[in-house]
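Structure, as structure tokens:
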Amino acid sequence: MEEFGNTQFFCVDKDLSTVKDVLQDVCAAMNDKGYNPVNQIVGYIMSGDPTYVTSHMGARSKIMKLERDEIVEELLNAYIQSNHWE
């Protein structure tokens, strides 16, 4: 019988600085091509379709090396820290 009274913990043991570096590179490539990085990355995260990310400067290859949950975690961590919620 499963116990549903306890909270499950979700932990990703990845180097988030690497995720940050990839996101910086991807955003730079998107800006260079005239795309809105926020719209395109949201499209990628929501759909999993890598064609939302330009192949310019290797951005598509770089972002595909990450799991989408890693990207969300990095973005949420940055947002929480920038708002001093921690």
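Just so we're aligned: 34 in this note's numbering is position 14 of the sequence shown, and the numbers increase by one with no gaps anywhere.
Here a beta-carbon is modelled for each residue, glycine too, at the ideal position from N, C-alpha and C.
None of the values given here were measured: they were computed from a predicted structure.
Judged by their CB atoms, G63 and Y55 are not nearer to each other than the 7 Å cut-off. Of the candidates K40, L86, A79 and M66, the residue whose Cα lies closest to the Cα of Y99 is K40. In the assembly as shown, V46 is a buried residue. Its beta-carbon has 16 or more other beta-carbons within 10 Å. The three-state reading of DSSP puts S81 in helix, counting H, G and I together. One Cα belongs to T38, the other to R88, and the distance between them is close to 14 Å.
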